[in-house]
Structure formats: C-alpha cells, structure tokens
Amino acid sequence: MSPKPILLAALVAAAVPAAARAEIAVLTNGRTLKISGWAMGAETAVLTLTAGGEMRIAVERIDRILDDEIAAPLPEPALERRTWRFDEANLPMFGSRFDGIIVEAARKFDVDAALVSAVIKAESDYDPRVVSHKGARGLMQLMPATARRFGVTDSFDPNANIHAGTRYLRWLLDRFEGDVRLALAGYNAGEGNVAKYDGVPPFRETVEYIRRIARHLETRRGIVIAAGL
Numbered sequence: 005m006s007p008k009p010i011l012l013a014a015l016v017a018a019a020v021p022a023a024a025r026a027e028i029a030v031l032t033n034g035r036t037l038k039i040s041g042w043a044m045g046a047e048t049a050v051l052t053l054t055a056g057g058e059m060r061i062a063v064e065r066i067d068r069i070l071d072d073e074i075a076a077p078l079p080e081p082a083l084e085r086r087t088w089r090f091d092e093a094n095l096p097m098f099g100s101r102f103d104g105i106i107v108e109a110a111r112k113f114d115v116d117a118a119l120v121s122a123v124i125k126a127e128s129d130y131d132p133r134v135v136s137h138k139g140a141r142g143l144m145q146l147m148p149a150t151a152r153r154f155g156v157t158d159s160f161d162p163n164a165n166i167h168a169g170t171r172y173l174r175w176l177l178d179r180f181e182g183d184v185r186l187a188l189a190g191y192n193a194g195e196g197n198v199a200k201y202d203g204v205p206p207f208r209e210t211v212e213y214i215r216r217i218a219r220h221l222e223t224r225r226g227i228v229i230a231a232g233l
C-alpha cells in the first residue's frame, strides 16, 4: 500500500471532525438529518445535529452527506437526449488504464461507456485509492452503504468499484426512465432527494456535478463531430 492510501485511511479512522457547516446526512432508510458537523470513524460516525445534541450511527447506515445549500434557479445542464445504453461506438474518454474494465462493466449493465468514464472523472479523477472527506472511496466514490448494497467488499479494487458504480448507474437510469440528468442527480444526491424534489434537487453541488459531466460529454461529442465519426 502506498503512503497516500495509508494517510487517507488514517484520517478516516481517526474520525477528525469536519468543519462546522450546514449539511444533510442522508440515511439508507431515506431519512435525512440536518447536521452542523460530523466525524467519520472506521465503523461509527458521530453526527452533530443542528437542533442540538449528537447521534452515533453505523457508517454503513449513512448513504451520503451533502452540502445543505439550496441553489438559486440555474439553467439546466445540457445533455443529449438519448438512451445512454451501451454502444460499441461510444468508448471511454480520457484514455485511462481502466478503459478495459469500463467497457466490460458498461457492456454488462448496458450503460454508455463514455458516460461511465465521465462519472469516474468527476468523482475521483481516476484515482483508485482516493477517499473523500465524507468517506466515499475509489474510482466511482462508493460510500460504504452503496458498496454493501452492491456486494463490494473492497472499494479500492478497480474492477469491483467500476462494476458496482456502473450497476448503480443502470439502476438509476431505469428508476428515472432513462432521464440521465435525474440518474446523475441520484448518483450525487441520492434517489430519495430526486423523488423528494420531483426533479434535480436544488443543491448547488448537485447542479454543478451534472454540469461538469455534461461538459465532459459535450467535449467528446465535439471531438467526434470534428473527426467525422
């Protein structure tokens, strides 16, 4: 194990409290909690509630933690309206050493490989050992609850991580009837928040996430058009 993963794992295990700010903890049962701070341990998280007091909860019960910031109305991110199913003509972007795994997973779960690669770029910038300050791990930034949901025991295994993340994208695309904006919003903010707001949740973080992926895909589309493919 390289020094970087050791340091990141140590930071998570040490349960260093995050800076106090308004955030939302989304639990696996769909419940949301307003929190002003949190500390993520290896197995237990401590949530500081905005209403006062603390809550100790198993890490695997936390689906994700989001910035509690309601964004002002923003233009919808531009995304092609198509099925986003696997197509041999749409290969992964960015030329990474994980392209073979991406194509394999995309073909297996019938998801556009370029979309999968754009999500990986936005989530981890292709670092298979990265751990976010909120506890998400690996290439497709699986939270412990998501990893468990899709049978992943080692989120740092690129093959397992990409297959689980792609399978989740397929589930979200099916859940939201092929609407890729809602699928990406669900990947970032949780499908419960998409249902709650009946659309893309008005979180700046989520809107910018979708916009970033849209930019990657639009860049690829421009390259394809320029090449006459």
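Those letters in the sequence shown? Residues 5 to 233, per our numbering, in order. Just so you know, even glycine gets a beta-carbon here, dropped at the ideal spot from N, CA and C. Note that the coordinates shown come from a computational prediction; the quantities given were computed from them, not determined experimentally.
Residue i - DSSP class collapsed to helix/strand/coil
| i | result |
| --- | --- |
| LEU83 | coil |
| ASP129 | coil |
| SER121 | helix |
| THR36 | strand |
| LEU143 | coil |
| GLU27 | strand |
| PHE102 | coil |
| GLY41 | strand |
| ALA62 | strand |
| VAL228 | In this prediction, VAL228 scores a pLDDT of 38, lower than 50, which makes its location untrustworthy; the coordinate-derived value is nonetheless stated afterwards. Of the three classes helix, strand and coil, the one that applies to VAL228 here is helix, per DSSP. |
| PHE90 | coil |
| PHE113 | helix |
| LYS8 | Summary for LYS8: the model assigns pLDDT 41, below 50, so the residue's position carries little reliability, and this model does not support an answer. |
Limits of the beta strand (DSSP E) - the one that residue i falls within
| i | result |
| --- | --- |
| LEU70 | 66–71 |
| TRP175 | Unbroken run through TRP175 is the alpha helix (DSSP H), 162–179; no beta strand (DSSP E). |
| LEU51 | 48–53 |
Integer Cβ distance of residue i from residue j, believed to fall under 8 Å
| i | j | result |
| --- | --- | --- |
| ALA168 | PHE154 | 4 Å |
| ASP116 | PHE98 | Not quite, the Cβ-Cβ distance comes to about 15 Å (not below 8 Å), so this is no contact. |
| GLU27 | ILE74 | Not a contact, Cβ separation roughly 13 Å. |
| ALA118 | ASN94 | 5 Å |
| LEU143 | ASN165 | 5 Å |
| TRP42 | ALA29 | 7 Å |
| ILE39 | LEU51 | 5 Å |
| VAL134 | PRO96 | In fact, because the Cβ distance is near 19 Å, the residues do not count as touching under 8 Å. |
| THR217 | VAL123 | The sequence shown places Ile at residue 217, rather than the Thr named in the question. Rounded, the Cβ-Cβ distance is 6 Å, consistent with contact. |
| VAL156 | TRP88 | Not quite, the Cβ-Cβ distance comes to about 23 Å (not below 8 Å), so this is no contact. |
Residue i - containing alpha helix (DSSP H), residue span
| i | result |
| --- | --- |
| LEU95 | Looking at the DSSP string, LEU95 is not in any alpha helix (DSSP H), and its letter there is neither H nor E. |
| LYS138 | Careful: LYS138 lies outside any alpha helix (DSSP H) and carries neither H nor E. |
| VAL204 | Unbroken run through VAL204: none, as it is neither H nor E. |
| VAL184 | 184–193 |
| ARG150 | Checking the displayed sequence, the identity of residue 150 turns out to be Thr instead of Arg. 148–153 is the extent of the alpha helix (DSSP H) around THR150. |
Three Cβ pairs or more, each shorter than 8 Å: is that satisfied between the stretch 141–150 and the stretch 201–217?
The stretch 141–150 vs the stretch 201–217: no contact.
At least three beta-carbon pairs within less than 8 Å, the stretch 159–176 to the stretch 112–131
The stretch 159–176 vs the stretch 112–131: in contact.
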